[in-house]
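Residue numbers (my numbering): 51 to 327.
From the three backbone atoms N, C-alpha and C, an ideal C-beta is built for every residue, glycine too.
Quick caveat, the model's predicted, so the values are computed rather than measured.
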Amino acid sequence: MIGITEQLQALLTEAISALPGLIAAVVVFILTWFVAGFVARIVRRAARVRIRDPETVKLLGLLAYWSVVAIGTVTALGQTGFDVTGFIAGLGIAGFTIGFALQDITRNFVAGVLLLLQQPFDISDTISVAGYTGTVLDITTRATTLKTYDGEKVIIPNADIYTNPIINYSDLPLRRRQVTVGLGYGEDVDRAVQVFLKAIQGIDGVASDPAPSIFIKELGASALQLVIYFWVNQRTHNLSQVHSAVVKTIKEMAEKQHIDLPYPTQVVRLEQVPLSQ
Numbered sequence: 051m052i053g054i055t056e057q058l059q060a061l062l063t064e065a066i067s068a069l070p071g072l073i074a075a076v077v078v079f080i081l082t083w084f085v086a087g088f089v090a091r092i093v094r095r096a097a098r099v100r101i102r103d104p105e106t107v108k109l110l111g112l113l114a115y116w117s118v119v120a121i122g123t124v125t126a127l128g129q130t131g132f133d134v135t136g137f138i139a140g141l142g143i144a145g146f147t148i149g150f151a152l153q154d155i156t157r158n159f160v161a162g163v164l165l166l167l168q169q170p171f172d173i174s175d176t177i178s179v180a181g182y183t184g185t186v187l188d189i190t191t192r193a194t195t196l197k198t199y200d201g202e203k204v205i206i207p208n209a210d211i212y213t214n215p216i217i218n219y220s221d222l223p224l225r226r227r228q229v230t231v232g233l234g235y236g237e238d239v240d241r242a243v244q245v246f247l248k249a250i251q252g253i254d255g256v257a258s259d260p261a262p263s264i265f266i267k268e269l270g271a272s273a274l275q276l277v278i279y280f281w282v283n284q285r286t287h288n289l290s291q292v293h294s295a296v297v298k299t300i301k302e303m304a305e306k307q308h309i310d311l312p313y314p315t316q317v318v319r320l321e322q323v324p325l326s327q
């Protein structure tokens with residue numbers, strides 16, 4: 051009987067000594083849930099400013115929520131005297147194993163979140179990345195979908211996009227285009243340049259600032275190569291249509307002003323060789 055009483059007293063003493071830790075653990079755990087909800091709301095609110103996809107916003111909120119819960123749970127367990135070192139080490143090993151097995155999915159997810167936050171491009175932008183050029187149709191946490199000029203649908207993993215240079219053709223309003231023209235060697239270069247510049251400046255869609263410019267590129271085999279540079283506001287005009295109008299106008303003005311635009315020619319010389327006797 052005395053032994054049982056001593057054991058009960060020992061258990062009671064341990065329970066009393068552990069009571070502060072248990073109370074602290076419960077308090078920490080309860081506070082964790084409140085803090086987790088608060089942090090999740092802040093993350094969702096901040097994400098909505100930069101991310102349009104509601105599913106991605108919800109996912110980021112859940113990640114923030116459970117991250118806080120995990121930290122709070124470990125902290126609460128530590129208040130009870132539980133050895134959290136081994137627990138954390140076990141979680142680390144498990145996390146490493148899972149992360150290694152799902153490394154491609156994880157890489158694409160992280161890259162997708164970074165792309166959605168940094169926004170180097172947006173839906174309907176025309177971009178060139180990882181060897182593909184097209185219009186952005188969709189951006190998710192796993193992949194980005196492009197529609198090429200040929201009407202093909204290309205789905206590119208976000209990790210490939212994030213680790214490669216991105217050219218965003220839609221980010222700035224003005225785009226520069228160029229046309230190469232062969233000018234006959236017998237022509238007055240200054241006169242031809244002035245005629246072409248005046249003609250280009252009158253084309254609808256060609257920007258006045260920066261103004262068009264013409265430079266001599268090289269001495270070609272049959273003509274002096276001129277390069278005509280001009281800028282187009284792609285948000286108000288179609289690039290291909292303006293480019294086509296420039297080429298057409300140059301040809302018409304050359305014919306009207308009798309400016310020679312030669313094309314490559316080859317002289318074939320035939321000789322009659324007497325048959326040997």
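Original post:
Whose CA, out of 124, 240 and 245, lies closest to the CA of residue 306?
Top reply: Of 124, 240 and 245, the residue nearest in Cα terms is 245.
**OP:** Within the same chain, show all residues whose beta-carbon is closer than 7 Å to that of residue 170, passing over the 5 residues directly before and after it, in chain order.
**Re:** Within the same chain, residue 170 has close Cβ partners 216 and 218.
Subject >> Between the CA atoms of residue 247 and residue 313 - distance to the nearest angstrom >> reply: Distance between the alpha carbons of residue 313 and residue 247: 21 Å.
**OP:** Determine the direct distance from the alpha carbon of residue 232 to that of residue 213, and round the result to whole angstroms.
**Re:** The straight-line gap from Cα to Cα measures roughly 41 Å.
Original post:
Do residue 274 and residue 266 have their C-beta atoms closer together than 9 Å?
Top reply: Cβ atoms of residue 274 and residue 266: closer than 9 Å.
Original post:
Is the segment 179–198 touching the segment 93–100 in the sense that three or more CB pairs, one from each, lie closer than 8 Å?
Top reply: Under the three-pair Cβ rule at 8 Å, the segment 93–100 does not count as touching the segment 179–198.
**OP:** Could you round the C-beta distance between residue 165 and residue 205 to whole angstroms and report it? I think they count as a contact, below 8 Å.
**Re:** Between residue 205 and residue 165 the Cβ distance is about 14 Å, and since that is not below 8 Å, they are no contact.
Subject >> Of the listed residues 157, 86 and 76, nearest to residue 192 (C-alpha basis) >> reply: The option with the nearest alpha carbon to residue 192 is 157.
Original post:
For residue 285, which of helix, strand or coil comes out of DSSP?
Top reply: Residue 285 carries a coil assignment under DSSP once its states are collapsed to helix, strand and coil.
**OP:** Give the secondary structure of residue 187 by DSSP, where H, G and I count as helix, E and B as strand, and everything else as coil.
**Re:** Correct three-state label for residue 187: strand.
Original post:
Where does residue 196 land, buried or exposed, given buried means 16+ other C-beta within 10 angstroms?
Top reply: Flag for residue 196 reads buried.
**OP:** Look up residue 230 in the DSSP assignment and give the residues it is bridged to.
**Re:** In the DSSP secondary-structure assignment, residue 230 is bridged to 277.
Original post:
How big is the Cα-Cα spacing for residue 122 and residue 162?
Top reply: Residue 122 and residue 162 have their C-alpha atoms some 28 Å from each other.
Original post:
CA-CA distance, residue 207 and residue 310?
Top reply: Spanning the two alpha carbons is a distance of roughly 52 Å.
**OP:** Return the chain-ordered list of same chain residues with a C-beta closer than 6 Å to the C-beta of residue 285, the five sequence neighbours on each side being excluded.
**Re:** When the five nearest sequence neighbours on each side are left out, the beta carbons in the same chain lying within less than 6 Å of the beta carbon of residue 285 are those of 223, in order along the chain.
**OP:** Provide the residue(s) that pair with residue 264 in DSSP beta bridges, ordered along the chain.
**Re:** Residue 264 pairs with 278.
Subject >> Beta-carbon proximity list for residue 90, same chain, < 6 Å, skipping 5 on both sides >> reply: Answer for residue 90: 111, 114 and 115, listed in chain order.
Original post:
Taking the continuous beta strand (DSSP E) assigned at residue 318, which residues delimit it?
Top reply: Premise fails: residue 318 is in no beta strand (DSSP E) and is neither H nor E.
Original post:
To which residues does DSSP link residue 193 through a beta bridge?
Top reply: In DSSP, residue 193 forms a bridge with 207.
Subject >> residue 156, DSSP secondary structure in three states >> reply: If DSSP states are grouped into helix, strand and coil, residue 156 belongs with the helices.
Subject >> Beta carbon of residue 194 nearer than 9 Å to that of residue 188 >> reply: One thing to note: residue 194 has its Cβ within 9 Å of the Cβ of residue 188.
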